[in-house]
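Worksheet for the structure shown next.
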Amino acid sequence: MSDRRTISVTINGETYEREVETRLTLADFIRHEVLLTGTHVGCEHGVCGACTILLDGRTARSCLMLAVQANGHEITTVEGIAPNDTELHPLQQAFQDNHGLQCGFCTPGMLTTLIEFLGDNPDPTEQEVREAISGNLCRCTGYQGIVAAALDAAKRLQGQETAGA
Amino acid sequence: MGAKMFGARVARLEDPRLLTGRGSYTDDFHLPGMLEAAFVRSPHSHAKINSIDTTAAKAHPGIVAVYTAADLPEYLRDMTVPFQVPNPAISQPFQQRLLEDREVCFAGEPIALVVADSRYNAEDAATLVEIDFEILPGASDCKSALEDSAPMCHADSANNEGAKYTVGYGDVADAFANAHLTHREEYWIHRGGGFAIENRAVVAEYDELQDMLTIWSATQSPFLVKQNVVDMLGWESDKVRVIAPDVGGGFGPKTIYYVEEALIPLVAKELGRPVKWVEDRRENFLATNMERDQYWDMEIAVDADGKLLGVRGKMIHDSGAYMPWGIISPYISATTLPGPYILPTYELETRVALTNKVAVTPVRGAGRPQAVFAMERLMDRAADKLGIDRVEIRRRNLIPTEQMPYALGLIFRDGKPMTYDSGDYPKCQAEALRIADYDGFRARQEAARAEGRHIGLGIANYVEGTGLGPFEGATVRIQPSGRICIYTGGGDSGQGHWTTLAQVCADKFGVGVADIDVQKGDTGKIASGVGTFASRIAVNAGSSVHLASMEVREKALKVAAHMLEAAEEDLDIEDGRVVVKGSDLSVGLAEIARAVQGMPGFSLPGGVEPGLEATHYFSPSQSCYCNGTAVVELEVDPATGWVDILKYSMAHDSGTLINPFVVDGQVQGAVAQGVGNALLEWMIYDDNANPVSATFAEYLLPSAPETPNVGVVHIESPSPINPLGVKGAGEGGTIPAPAAIMAAIEDALSPWNVEISGAPITPSMIVEKVRAGA
Numbered sequence: 019m020s021d022r023r024t025i026s027v028t029i030n031g032e033t034y035e036r037e038v039e040t041r042l043t044l045a046d047f048i049r050h051e052v053l054l055t056g057t058h059v060g061c062e063h064g065v066c067g068a069c070t071i072l073l074d075g076r077t078a079r080s081c082l083m084l085a086v087q088a089n090g091h092e093i094t095t096v097e098g099i100a101p102n103d104t105e106l107h108p109l110q111q112a113f114q115d116n117h118g119l120q121c122g123f124c125t126p127g128m129l130t131t132l133i134e135f136l137g138d139n140p141d142p143t144e145q146e147v148r149e150a151i152s153g154n155l156c157r158c159t160g161y162q163g164i165v166a167a168a169l170d171a172a173k174r175l176q177g178q179e180t181a182g183a
Numbered sequence: 088m089g090a091k092m093f094g095a096r097v098a099r100l101e102d103p104r105l106l107t108g109r110g111s112y113t114d115d116f117h118l119p120g121m122l123e124a125a126f127v128r129s130p131h132s133h134a135k136i137n138s139i140d141t142t143a144a145k146a147h148p149g150i151v152a153v154y155t156a157a158d159l160p161e162y163l164r165d166m167t168v169p170f171q172v173p174n175p176a177i178s179q180p181f182q183q184r185l186l187e188d189r190e191v192c193f194a195g196e197p198i199a200l201v202v203a204d205s206r207y208n209a210e211d212a213a214t215l216v217e218i219d220f221e222i223l224p225g226a227s228d229c230k231s232a233l234e235d236s237a238p239m240c241h242a243d244s245a246n247n248e249g250a251k252y253t254v255g256y257g258d259v260a261d262a263f264a265n266a267h268l269t270h271r272e273e274y275w276i277h278r279g280g281g282f283a284i285e286n287r288a289v290v291a292e293y294d295e296l297q298d299m300l301t302i303w304s305a306t307q308s309p310f311l312v313k314q315n316v317v318d319m320l321g322w323e324s325d326k327v328r329v330i331a332p333d334v335g336g337g338f339g340p341k342t343i344y345y346v347e348e349a350l351i352p353l354v355a356k357e358l359g360r361p362v363k364w365v366e367d368r369r370e371n372f373l374a375t376n377m378e379r380d381q382y383w384d385m386e387i388a389v390d391a392d393g394k395l396l397g398v399r400g401k402m403i404h405d406s407g408a409y410m411p412w413g414i415i416s417p418y419i420s421a422t423t424l425p426g427p428y429i430l431p432t433y434e435l436e437t438r439v440a441l442t443n444k445v446a447v448t449p450v451r452g453a454g455r456p457q458a459v460f461a462m463e464r465l466m467d468r469a470a471d472k473l474g475i476d477r478v479e480i481r482r483r484n485l486i487p488t489e490q491m492p493y494a495l496g497l498i499f500r501d502g503k504p505m506t507y508d509s510g511d512y513p514k515c516q517a518e519a520l521r522i523a524d525y526d527g528f529r530a531r532q533e534a535a536r537a538e539g540r541h542i543g544l545g546i547a548n549y550v551e552g553t554g555l556g557p558f559e560g561a562t563v564r565i566q567p568s569g570r571i572c573i574y575t576g577g578g579d580s581g582q583g584h585w586t587t588l589a590q591v592c593a594d595k596f597g598v599g600v601a602d603i604d605v606q607k608g609d610t611g612k613i614a615s616g617v618g619t620f621a622s623r624i625a626v627n628a629g630s631s632v633h634l635a636s637m638e639v640r641e642k643a644l645k646v647a648a649h650m651l652e653a654a655e656e657d658l659d660i661e662d663g664r665v666v667v668k669g670s671d672l673s674v675g676l677a678e679i680a681r682a683v684q685g686m687p688g689f690s691l692p693g694g695v696e697p698g699l700e701a702t703h704y705f706s707p708s709q710s711c712y713c714n715g716t717a718v719v720e721l722e723v724d725p726a727t728g729w730v731d732i733l734k735y736s737m738a739h740d741s742g743t744l745i746n747p748f749v750v751d752g753q754v755q756g757a758v759a760q761g762v763g764n765a766l767l768e769w770m771i772y773d774d775n776a777n778p779v780s781a782t783f784a785e786y787l788l789p790s791a792p793e794t795p796n797v798g799v800v801h802i803e804s805p806s807p808i809n810p811l812g813v814k815g816a817g818e819g820g821t822i823p824a825p826a827a828i829m830a831a832i833e834d835a836l837s838p839w840n841v842e843i844s845g846a847p848i849t850p851s852m853i854v855e856k857v858r859a860g861a
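Given below as structure tokens:
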């Protein structure tokens with residue numbers, strides 16, 4: 019009885035073709051169909067930001083999108099941020115070095131949000147970082163370590179660019 | 088020899104997994120053949136159920152089973168959740184049934200359970216369960232609930248009083264009769280919920296071949312879950328294993344055992360397939376325990392110098408419809424009030440009201456923020472009336488460190504007389520004021536006022552009983568690979584136990600924390616455990632790791648002495664090897680571990696028991712008391728009521744620090760929750776006790792822009808009652824926040840003589856007060 023469609027979605031460089039119910043959320047598709055469980059669901063009404071992914075490089079709340087809407091698009095999830103299996107992305111490393119996470123549940127959404135933000139604003143102020151993550155709730159850290167990590171990561175990423183230039 | 092790990096600012100071992108999406112939270116489990124469950128919950132705060140019809144639900148595609156109370160095995164139909172912490176003061180200890188089919192007493196109470204091939208189909212079918220309700224009036228506000236005219240929370244009750252008790256000491260009446268000044272005031276303090284970003288979740292799998300039931304639950308207390316599953320379902324203890332995998336935040340509500348944790352295992356066994364239930368956020372608002380309202384009617388008596396003579400009053404506590412955690416929260420409130428002050432006499436009568444809302448059980452701070460609010464407001468009022476500085480009146484009343492240990496004259500929630508074990512309260516307050524630049528504040532305030540800006544400063548002190556028993560254990564095992572593994576019972580919901588417990592162990596073997604694994608929250612890995620709540624893991628599990636590590640170290644030395652043919656006193660352990668001091672003779676921990684596995688037919692070296700491991704269960708003689716001072720400087724816009732916290736300073740004494748990096752994070756996170764309680768978080772119910780604020784759009788959590796950075800200074804007064812000298816650190820930041828913030832708002836708005844006697848305070852409430860004072 020349910021309406022089904024075949025979709026093709028590229029996640030972290032790999033293309034997944036699946037037949038899904040049209041009502042399936044993108045978050046559930048990523049988590050329970052593709053089994054990439056790093057993306058988390060915290061509120062299912064678009065407030066907490068834990069489910070944030072990058073859709074064609076821009077942040078999106080995967081709990082507020084349907085999987086079928088992602089047909090033909092490219093997605094990056096938290097599993098796709100690190101350069102390889104043994105190294106962390108500079109932002110991830112900054113999170114560890116600044117105690118930017120405790121339980122880790124909001125972390126994937128924080129990382130994807132900050133990846134986009136630091137791309138747009140490579141040299142942000144503290145206030146700008148706070149505004150950038152204002153749509154991501156964290157109950158553990160009081161945001162202090164997260165903000166410190168973002169500012170630290172901005173420096174590291176700028177350093178990388180300078181080194182590469 | 089590696090650097091000393093205990094006390095070092097070590098980055099967390101937990102992080103790489105969690106940062107790369109490789110954590111495993113309960114909803115991440117996908118077991119073969121797994122079914123998914125959804126609950127039908129009462130949409131009414133109070134109603135009689137005339138009938139339930141599941142016919143349409145059962146006919147929905149994908150549905151495997153629908154359970155109501157009538158569909159449960161007979162022995163479970165009327166069974167209620169075991170009462171965890173009885174107390175003779177409790178007169179009506181109502182507990183929840185697994186599924187209700189007669190009278191629902193809060194909106195969110197489970198009535199039916201639908202199991203399907205997918206969550207989507209389960210939720211579809213849940214809407215098809217037809218229930219004929221007869222709506223009853225609900226007891227909503229806890230103060231009104233105790234009045235004679237109130238509707239009954241439970242229809243057959245004679246009244247809504249769940250418990251009543253008085254705590255105190257000394258001749259209060261005499262103190263008030265001889266006081267220079269008294270002040271009486273009523274306070275309303277609303278304390279919000281935990282609202283971990285991960286909701287509750289349970290997965291259960293029954294393995295018929297092994298006759299073994301495994302439960303994964305997003306819980307702080309896997310051993311409590313196991314005990315209750317065993318007690319309720321009547322299964323053998325060794326046939327049930329409960330695992331708390333990665334848990335996405337706890338903050339108290341995940342300590343408690345819930346009916347879902349009985350039902351999901353039950354139906355998994357009945358249906359012979361794994362079953363998963365993941366709470367959604369709406370259910371979390373409705374059916375996960377929280378804290379809520381307390382009303383305090385309090386009076387303070389002081390002498391002409393502002394020295395405390397006595398405090399007395401009455402408090403009403405909203406318990407919700409059931410009392411799964413008894414009166415723990417309000418009892419902690421009552422015993423927290425005296426705080427760090429020499430208070431010669433004290434009396435508080437507490438009445439616990441039953442209301443048609445989800446149960447109140449501890450949330451980070453556990454009744455303490457409310458008590459500290461009442462006491463610190465009274466101190467402020469007494470100071471103002473006497474014309475003494477608010478800081479100075481506190482300084483005059485703080486217990487001097489020379490009087491430690493200090494017997495308070497009260498019995499704490501652990502049943503032991505309250506004796507503050509250590510602490511330097513005057514130093515703590517002074518340090519907080521120092522980092523807050525209190526001396527420069529009045530000049531800053533004057534300068535701001537000259538610019539038309541209104542800044543204010545507030546201070547609040549607290550003492551917090553932490554490290555509660557009965558025990559937490561640890562097994563420390565050196566594996567044949569030489570790697571050290573620690574097993575402990577309490578789950579980790581972000582505290583960083585892997586890192587901190589490894590730090591406790593590492594120095595005993597001269598290794599780094601990366602050489603140590605910590606497996607926590609698994610009842611299959613250690614015989615007994617309690618749980619991660621009440622700021623108790625560092626004290627209990629930490630001490631157990633210390634004691635077990637020492638025993639393993641001694642055993643390693645003893646065996647090595649045989650292997651190296653050396654005297655034990657000539658041996659030391661460096662870099663994971665036992666060395667003969669002053670020689671190059673050594674043997675690695677791996678070889679020693681293999682040696683004590685034994686060789687078929689041969690005796691063990693030195694006649695030791697097999698295995699290079701030890702288990703200890705540390706049981707504290709009483710709670711240890713952490714303390715702190717919060718100083719808040721903030722700006723208020725009198726036109727809009729907006730509060731901007733400019734500088735948040737906290738002096739925090741949780742005894743000896745295992746990892747200051749981790750403790751900083753605990754304090755900062757706890758402060759954010761306190762800020763939420765002061766300015767944002769408010770669970771609102773209508774007059775019939777139906778919830779009004781059941782989304783994050785209506786119930787506001789602090790986000791990054793309104794959460795302050797916290798300047799933390801650590802005072803370390805080692806606790807004399809555990810081998811590490813540690814105290815709990817998880818809750819202190821939350822406790823003084825509402826009191827300090829309200830004091831600062833009053834100070835900022837002193838031109839309008841604004842007085843605040845409740846929390847939270849919203850911008851519109853502030854504007855009203857400014858208008859009233861203009």
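Heads up: the sequence lines are chains B and Z, in that order. Whatever position you read off the first sequence (first residue = 1), add 18 for the numbering used here. Whatever position you read off the second sequence (first residue = 1), add 87 for the numbering used here. Glycine included, every Cβ here is placed at the ideal spot set by N, Cα and C.
- Listed along chain Z, the residues sitting closer than 9 Å to residue 97 (chain B) by beta-carbon distance are 107, 108 and 109.
- If you draw a straight line from the Cα of residue 104 (chain Z) to the Cα of residue 573 (chain Z), it is about 19 Å long.
- One alpha carbon belongs to residue 96 (chain B), the other to residue 171 (chain Z), and they sit about 40 Å apart.
- Pairing residue 575 (chain Z) with residue 603 (chain Z) gives a Cβ-Cβ distance that is not under 8 Å.
- A distance of 8 Å or more separates the beta carbons of residue 126 (chain Z) and residue 788 (chain Z).
- Just so you know, the alpha carbons of residue 200 (chain Z) and residue 192 (chain Z) end up roughly 18 Å apart.
- Its Cα nearest to that of residue 77 (chain B), the residue B:154 stands out among B:168, B:169 and B:154.
- Positions of the alpha helix (DSSP H) runs, each at least 4 residues long and wholly inside the stretch 453-510 of chain Z, are given as 455-473 and 477-484 in order along the chain.
- Taking every protein chain shown into account, the CB of residue 29 (chain B) has 16 or more other CB atoms within 10 angstroms, so this residue is buried.
- The C-beta separation of residue 719 (chain Z) from residue 735 (chain Z) comes to about 6 Å, placing the pair in contact by the 8 Å criterion.
- Cβ contact annotation for residue 163 (chain B) (same chain, cutoff 7 Å, sequence separation greater than five): 116, 117 and 118, in chain order.
- Only residues of its own chain outside the window of five on either side were considered, and among them 677 have a CB closer than 7 Å to the CB of residue 568 (chain Z), listed in chain order.
- Taking the beta carbon of residue 126 (chain B) as reference, the chain Z residues within 7 Å of it are 108, listed in sequence order.
- Against chain Z, the beta carbon of residue 39 (chain B) has neighbours under 9 Å at 205 and 207, listed in chain order.
- A Cβ-Cβ separation of about 6 Å places residue 706 (chain Z) in contact with residue 557 (chain Z) under the 8 Å criterion.
- Boundaries of the beta strand (DSSP E) around residue 404 (chain Z): 395-407.
- Contact annotation: in the stretch 145-161 of chain B, residues whose CB is within less than 9 Å of a CB in chain Z are 145, 147, 148, 149, 150, 151, 152, 153, 154, 155, 156, 157, 158, 159, 160 and 161.
- Around residue 165 (chain B), the beta-carbon contacts reaching into chain Z at under 7 Å are 791.
- Rounded to the nearest whole angstrom, the C-alpha separation of residue 256 (chain Z) and residue 515 (chain Z) is 26 Å.
- Residue pairing for residue 675 (chain Z): DSSP places it in a beta bridge opposite Z:664.
- Taking 8 Å as the threshold, the shortest C-beta distance from residue 70 (chain B) to chain Z does not fall below it.
- Closer than 9 Å at the C-beta level to chain B, one finds these residues of the stretch 578-602 of chain Z: 579, 580, 581, 582 and 583.
- Annotated three-state conformation of residue 344 (chain Z) is coil, per DSSP.
- Under DSSP, residue 434 (chain Z) takes part in a beta bridge, and its partners are Z:255 and Z:399.
- Contact of residue 74 (chain B) with chain Z by beta-carbon distance below 7 Å is absent, the smallest such distance being about 20 Å.
- Assigned with DSSP and collapsed to three states, residue 63 (chain B) falls in coil, not helix or strand.
- By the Cβ criterion, the stretch 317-326 of chain Z is not in contact with the stretch 379-387 of chain Z, since fewer than three pairs of Cβ atoms, one from each stretch, lie closer than 8 Å.
- Runs of the beta strand (DSSP E) spanning 3 or more residues and lying entirely within the stretch 582-669 of chain Z occur at 603-607, 658-661 and 664-667, in chain order.
- In this structure, residue 501 (chain Z) lies near residue 555 (chain Z), with their beta-carbon atoms less than 8 Å apart.
- Nearest in C-alpha terms to residue 208 (chain Z), of all of Z:220, Z:146, Z:253 and Z:260, is Z:146.
- Shown here, residue 786 (chain Z) sits in coil according to DSSP, grouped into three states, outside any helix or strand.
- If the five residues before and after residue 458 (chain Z) are omitted, its C-beta is found closer than 6 Å to the C-beta atoms of 420, 423 and 424, all from its own chain and listed in chain order.
- Using a CB distance below 8 Å, the part of the stretch 110-134 of chain Z facing chain B consists of 110, 111, 112, 114, 115 and 117, ordered along the chain.
- The beta carbons of residue 144 (chain Z) and residue 216 (chain Z) sit about 5 Å from each other, so the pair counts as a contact at 8 Å.
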